[in-house]
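Below is one structure; the comments refer to it alone.
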Amino acid sequence: MYIPFDEMPDTARVWIYQANRSLNATEEDYAFQLGQQFANRWAAHGQPLQASVQLFHRYFLVVAVDEQHYAASGCSIDSSVAFVRELEQKFTLEQSALSFFDRTQIAFWQDEQVHLIPMAQAKMQIKEGDIQPDAITFDNNVPNKEAFNIRWKIPVKSSWLARYLPKVPSA
Numbered sequence: 005m006y007i008p009f010d011e012m013p014d015t016a017r018v019w020i021y022q023a024n025r026s027l028n029a030t031e032e033d034y035a036f037q038l039g040q041q042f043a044n045r046w047a048a049h050g051q052p053l054q055a056s057v058q059l060f061h062r063y064f065l066v067v068a069v070d071e072q073h074y075a076a077s078g079c080s081i082d083s084s085v086a087f088v089r090e091l092e093q094k095f096t097l098e099q100s101a102l103s104f105f106d107r108t109q110i111a112f113w114q115d116e117q118v119h120l121i122p123m124a125q126a127k128m129q130i131k132e133g134d135i136q137p138d139a140i141t142f143d144n145n146v147p148n149k150e151a152f153n154i155r156w157k158i159p160v161k162s163s164w165l166a167r168y169l170p171k172v173p174s175a
């Protein structure tokens, strides 16, 4: 059963899929409609799941399920991945290739928009100081809606990318 994302409890489990390109307004609207349809039929062991599918910043597809109501099973999680793959196919046929599973680009938040940088380039720019410790990136591995709201957007210095920051010599 579809529940609007903002009405999901903080404990709702989330999966975040980052696109390799921005979705245009038409794609975003269509993806949202398909997401609502998916959420309305999503089930685990025959039990309907209370779920949400929402797009953020034209790059991030977030699937959420209220596991206090009924927990997602392995098969139901597989069906959500299949839904995301179907979205990729639909938009790849209609527009340029779309992937929600391309892990080679790092997303940064700057000037109220998402900027994708290839991972190797991002690592180098961080090492060279072109990307600052306070630059905002995304933690797409947050486990639930509460963490999504609090720490999805985080500074590089608080992310896994911190290991690439220049070392400050000790005095």
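One gets my numbering by counting positions in the sequence shown from 1 and adding 4 to each. In this text, a Cβ means the ideal position worked out from N, Cα and C, and glycines have one as well.
Item checked: Validate contact between the region 8–25 and the region 60–74 using beta carbons, cut 8 Å, 3 pairs -> yes
Margin query: I'd like to know whether the C-beta atoms of A35 and Y74 end up nearer to each other than 8 Å.
Written below: Position 31 of the sequence shown, counted from the start, is the residue given in the question as residue 35. Position 70 of the sequence shown, counted from the start, is the residue given in the question as residue 74. Going by C-beta atoms, A35 is not nearer than 8 Å to Y74.
Next item on the list: If I'm right that P170 touches K127 with Cβ under 8 Å, what's the distance once you round it to whole angstroms?
Entry: Counting from one through the sequence shown, the residue named residue 170 turns up at place 166. Counting from one through the sequence shown, the residue named residue 127 turns up at place 123. The Cβ separation is near 12 Å, so there is no contact.
Note to self: Please confirm whether E150 has its beta-carbon closer than 8 Å to some beta-carbon of chain C.
What the structure shows: As a matter of chain content, chain C is missing from the structure shown, which is built from one protein chain.
Item checked: Supposed close pair E150, F95 - CB separation, criterion 8 Å -> Looking up residue 150 in the sequence shown gives position 146. Looking up residue 95 in the sequence shown gives position 91. The pair is not a contact, with the Cβ atoms about 30 Å apart (cut-off 8 Å).
Check: In its own chain, which residues sit with a C-beta less than 7 Å from the C-beta of N44, not counting the 5 before and 5 after it?
Finding: In the sequence shown, residue 44 corresponds to position 40, counting from 1. Spatial neighbours of N44 in its own chain (CB-CB distance under 7 Å, excluding positions within 5 residues in sequence) are listed in chain order as M5 and Y6.
Notebook entry, point to check: Between the Cα of A55 and the Cα atoms of V146, M12 and D143, which residue gives the shortest distance?
Noted result: Start at 1 with the first residue of the sequence shown, and residue 55 comes out as number 51. Comparing Cα positions, the closest option is M12.
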